[in-house]
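Reading through the structure tokens given below for one structure.
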Amino acid sequence: MSAKWIVAAGYLLAAPLNAFAGADKTAVATRTDTPPVVDGHLSDHCWDLAVPTTDFILLDPVAGAPAANQTVVKILYTADQLYIGLFMADSNAENIDARVVPRDGRFAPRDLIGILLDTQHDHRNAYGFYINPYGIQHDFQMTDDGAKGYRGNNKGWDGVWRAEAAVLDSGWSAEVAIAFSTLSFAAGDDMVWGFNLERLAITGRERSHWAAIYQEDGSVLRVSQAGHLVGLRGIDPGLRLELLPYAASGVDRTRTDWRGETASAGLDVKYGVAANATLDITVNPDFAQIEADEEEINLSRFPLLLKERRPFFVENADFLGKHGLFYSRRIADPDFGAKFIGKAGEYTLGILTAQDRGEAGAKPKFGVLKLQRELFHNSTVGALVEGVWNRGMTLQQIAGLDSRVEWDDRYIINAYAARSAEQGRSGYISGAVMNYRHGNFAGGVNYRSIESTFSADRLGFIERDIGVASQSVEFSADWRPRMRRLGKLNLGQAVSLEQRSVEDGWSWEWTTADLWLYTWDDSFVSAKHSVWRWPWQGNWYRGQTFEMEFDTGDSRKWKLDIGAGLQDRFDFTDVYFGAARSASGALELKPSASLTIEGSWSSVWEYLPGGAFDERKTIWRGRATYFATKRLFLRGFAQDAGYLDERDINLLASYEIAPKSRIYLAYNLGDTAAERAEKLRFKVAYLLSY
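Residue numbers (this note's numbering): 1217 to 1906.
Take a look at the structure:
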């Protein structure tokens, strides 16, 4: 790294810091004809031309104070690339902590730097680019001024960008190159973008931002609190066209049938139709590299909600799938799909269509259309229409409205209403959630009403008893004091009420205590107790539930998570009211920065009404991930749900040729009492970007 970076750091660190300057801060991008070599070392002479900026402000441990471990940022650009150089000073560089994980893996709470770009400068939506000292990349899109937090980000978005990092004696450095073609913006002269950075430094356990974030906001995702990036002009977004073809070959076999060699090919297309409109198309998609769903012991009468991990459906899933009205896992094995997300002024339009490979030759077609209008202060109103059709017959349709109203940075109300139609029947669902947060206090009210004739089982996922009308309401309150030495404490209570059309009276549940204690080293302990009364098939039952969990967090080279529970429960399989005892444990070992070994176990012991033991249900899981290099990793996953007579094994080797271009070798085994299926796949996917 050039000595001028050290001089710049010393000069800038001596400048007075204006806490909570926030949106008043401005960074300048400098044009260069000779871009840097992206290797993590800031030694290229072009960096000397860039204007440095620093003065990071703490959020933790002392909000508003200057960060002891400062960061220097420089920004360059060419006609088609944005370059960001970063030097993260660290007074104890030997303590810099990071791990090699897959792209988009979790590398917090270790050292990291994150970049926010609000390319539309609408103070609501932005891109996030995060890297760690190994140059591992994590990217996402954020909406609604980050109101949903990190979990609400659009993690399915993968941009075309490069990052490298290097650990130094005085800290660590990083270089980032982002293709303008991967960003949505209206080209012009003297553009202004929203800009912010977030840094986690293990030394001093510091969390800091370039444009200061207020304590109540608590996240760089608050796009409205970002500073500005100026100096960009004459840049070329290109065609904003990405073609990602793949070719795969392999062998399949079942317990009774050797299917022999197979070959397939497909194509993913992403096209920037306009500055803020994108069309995605997938033809014959292949998901061989995606791990099997983790089994869970289900004690409820409802099916499990399975996580969506297929890239085509993950991106912008929250926009189309609010309130459970659309559940993309209903499209089990698509032949093709197309998705359009576009924004014009205050309006956002989303359209999705896909054809599934159904059973017995059926090929149901799905369609979803969502129109949303932005209102004041992160508030929106929207309309949704969706349906599924097969062989000219409408199987199910849903139409609805939803709204989000936020004001005073304290109150948020989400409301929705929808009507379903299926084979001559129609029904309604409606609901509203109001959340309040101020200082250390948070509260909420959640109401839902469902008619007996409402149905979403082909399109959405809503926990309800088919053919039963119900209305429910839940009240919750939380107190979240911050304790300087221990960390964060959450004390909560909740009361929920429900009335179903097949019973008289209201069922209820009172959560008498819901306690969470988070420490500064990322560990936590939780305990929850509730009492309840609810009916089933004409009888009323009373009981209680107690759960507890301890988790050491991710900040060590090992992680332990243990949990236990006691509950009275109705066994919906064997039809009796008894009790259950549960226990679970998970151990994660990280013997090196590139190797992670995980094992977990969960069991439930069920007891008859008289207290006699009935049965035990157990699931075992194991996973190992090894990075031979930053671009080559090996992963193995296995699980055994003996009580279901189901086993899964997934083995994967993956090598990154170039950004978003990979070679895969995958072996998948699914073994049940009914069928044993094995698949071996070799797959190559290569990105062509224009």
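C-beta atoms are modelled at their ideal positions from N, C-alpha and C, and glycine is treated no differently.
For residue i, the first and last residue of its enclosing beta strand (DSSP E)
| i | result |
| --- | --- |
| Pro1527 | Not the beta strand (DSSP E): Pro1527 falls in the alpha helix (DSSP H), residues Pro1527 to Val1530. |
| Gly1447 | Gly1443 to Leu1448 |
| Asp1618 | Met1609 to Trp1623 |
| Glu1590 | Lys1581 to Glu1590 |
| Ser1636 | Tyr1627 to Glu1638 |
| His1654 | Arg1641 to His1654 |
| Asn1606 | Thr1596 to Asn1606 |
| Ala1498 | The question names Ala, but residue 1498 in the sequence shown is Thr. Residues Ala1493 to Val1499. |
| Glu1458 | Leu1457 to Thr1470 |
| Val1317 | Val1317 -> no beta strand (DSSP E), and no H or E assigned at all. |
| Ile1291 | Thr1287 to Tyr1293 |
| Val1661 | Phe1657 to Ile1666 |
| Pro1697 | Per DSSP, Pro1697 belongs to no beta strand (DSSP E) and is neither H nor E. |
| Asn1866 | Glu1862 to Ala1874 |
| Asp1572 | Tyr1563 to Asp1572 |
| Tyr1883 | Ser1877 to Asp1887 |
| Asp1473 | Looking at the DSSP string, Asp1473 is not in any beta strand (DSSP E), and its letter there is neither H nor E. |
Test item: CB-CB of residue i and residue j under 9 Å
| i | j | result |
| --- | --- | --- |
| Ala1245 | Leu1445 | yes |
| Ala1840 | Leu1811 | yes |
| Gly1556 | Ile1567 | The sequence given here places Phe at residue 1556; Gly does not occur at that position. In this structure, Ile1567 lies closer than 9 Å to Phe1556 by Cβ. |
| Thr1498 | Gly1482 | yes |
| Lys1241 | Pro1268 | no |
| Ala1390 | Ala1379 | yes |
| Arg1907 | Gln1687 | Nothing in the structure corresponds to residue 1907, since the chain is present only between 1217 and 1906. |
| Ser1798 | Leu1782 | yes |
| Asn1662 | Trp1695 | no |
| Arg1851 | Ala1874 | no |
| Ile1451 | Ile1312 | no |
| Pro1461 | Pro1501 | no |
| Leu1585 | Leu1565 | yes |
| Gly1553 | Phe1535 | no |
| Ser1619 | Tyr1632 | yes |
| Leu1541 | Ala1672 | yes |
| Gly1420 | Leu1399 | no |
| Tyr1346 | Ala1314 | no |
| Ser1818 | Glu1602 | no |
| Leu1195 | Arg1247 | Outside the shown range of the chain, which is 1217 to 1906, sits residue 1195, and nothing can be said about it. |
| Pro1251 | Ala1393 | yes |
| Phe1677 | Gly1643 | no |
| Glu1667 | Ile1645 | yes |
| Gln1715 | Trp1722 | yes |
| Asn1594 | Ile1629 | no |
| Tyr1871 | Pro1825 | no |
| Leu1298 | Leu1495 | no |
Integer-rounded CB distance, given that residue j should sit under 8 Å from residue i
| i | j | result |
| --- | --- | --- |
| Arg1438 | Ser1424 | That pair is no contact at about 15 Å. |
| Arg1612 | Arg1674 | The residue asked about is misnamed: residue 1612 is Gln in this sequence, not Arg. Gln1612 to Arg1674, Cβ: 4 Å. Contact. |
| Ala1381 | Gly1280 | Not really, about 28 Å apart at Cβ, beyond 8 Å. |
| Lys1920 | Val1604 | Nothing can be reported for residue 1920: it is not among the residues displayed for the chain, which extend from 1217 to 1906. |
| Glu1458 | Lys1486 | 4 Å |
| Ala1637 | Leu1617 | With a Cβ gap of about 16 Å, Ala1637 and Leu1617 do not count as contacting. |
| Leu1515 | Ala1796 | 7 Å |
| Arg1837 | Trp1821 | Contact doesn't hold; Cβ gap of about 19 Å is too wide. |
| Gly1703 | Thr1735 | 4 Å |
| Ala1493 | Arg1897 | Incorrect: roughly 34 Å between the Cβ atoms, too far for contact. |
| Ser1397 | Ser1905 | 6 Å |
| Phe1762 | Val1741 | That pair is no contact at about 14 Å. |
| Ser1386 | Ala1305 | 6 Å |
| Ile1835 | Ala1854 | With a Cβ gap of about 11 Å, Ile1835 and Ala1854 do not count as contacting. |
| Arg1545 | Glu1524 | 6 Å |
| Glu1862 | Asp1830 | Their Cβ separation, rounded to whole angstroms, is 20 Å, which puts Glu1862 and Asp1830 out of contact at 8 Å. |
| Ala1283 | Ile1273 | 7 Å |
Run of the alpha helix (DSSP H) containing residue i, from where it starts to where it stops
| i | result |
| --- | --- |
| Phe1535 | Ala1533 to Leu1536 |
CB contact below 9 Å: residue i versus chain D
| i | result |
| --- | --- |
| Tyr1792 | No chain D is part of this structure, which consists of one protein chain only. |
(request) Would you list, in sequence order, the uninterrupted alpha helix (DSSP H) runs of no fewer than 4 residues that lie entirely inside the stretch 1754-1838? (result) Qualifying alpha helix (DSSP H) stretches: none in this window.
(request) Check whether the stretch 1770-1777 touches the stretch 1744-1755, taking contact to mean three or more Cβ pairs, one atom from each stretch, closer than 8 Å. (result) No, because fewer than three Cβ pairs between the stretch 1770-1777 and the stretch 1744-1755 fall closer than 8 Å, the two stretches do not touch.
(message) Going residue by residue through the stretch 1715-1757, where are the continuous beta strand (DSSP E) segments of at least 3 residues, counting only ones entirely within it?
(response) As for any beta strand (DSSP E) of minimum length 3 sitting wholly inside the stretch 1715-1757, the runs are 1723-1735 and 1740-1752, ordered along the chain.
(request) May I have a chain-ordered list of the beta strand (DSSP E) segments no shorter than 3 residues that lie completely inside the stretch 1342-1422? (result) Within the stretch 1342-1422, the complete beta strand (DSSP E) runs of at least 3 residues are 1342-1347, 1353-1358, 1377-1384, 1387-1395 and 1407-1417.
(request) Decide yes or no for the touch test of the stretch 1327-1334 against the stretch 1404-1413: beta carbon pairs closer than 8 Å, at least 3 of them. (result) Result yes; three or more Cβ-Cβ pairs closer than 8 Å.
(message) Which runs of the beta strand (DSSP E) at least 3 residues long sit entirely within the stretch 1236-1284? Give them in chain order.
(response) Listed in chain order, they are 1242-1244 and 1273-1276.
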